[in-house]
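In our numbering, the protein residues as written are 3 to 72.
Glycine included, every Cβ here is placed at the ideal spot set by N, Cα and C.
Here is the structure we will look at.
Set out below in structure tokens:
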């Protein structure tokens with residue numbers, strides 16, 4: 003994310019959610035960005051596609067991230 007204002011709004015939305023869920027395709031996993039919205043463990047569930055790879059999914063699960071493949 004390039005704009006700090008957008009990041010702040012997204013952080014507020016995550017805090018306000020009853021159950022924060024993140025849905026991203028495999029190309030977004032492991033990327034570095036200018037601003038960090040939130041660590042993956044802040045989400046109750048991460049949903050990604052089958053191209054994420056078992057190694058990446060295992061690594062996330064070992065770090066406490068609840069993730070599912072859609």
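Within 8 Å, do at least three Cβ pairs link the stretch 38-45 to the stretch 53-68? yes
Counted within 10 angstroms of its Cβ, other Cβ atoms place residue 54 as buried (16 or more) or exposed: Numbered from its first residue, the chain shown carries residue 54 at position 52. Classification for residue 54: buried.
Less than 6 Å between C-beta atoms, sequence neighbours within five positions excluded: which residues of the same chain meet that for residue 21? Along the chain shown, one-based indexing puts residue 21 at 19. Result list for residue 21: 46, in chain order.
Cβ pair residue 13, residue 39 closer than 8 Å: Translated into positions along the chain shown, residue 13 becomes position 11. Translated into positions along the chain shown, residue 39 becomes position 37. Contact annotation: residue 13 and residue 39 have beta-carbon atoms nearer than 8 Å.
For residue 25, which residues does DSSP report across the bridge? By 1-based counting over the chain shown, the position of residue 25 is 23. Looking at the DSSP assignment, residue 25 forms a beta bridge with 49.
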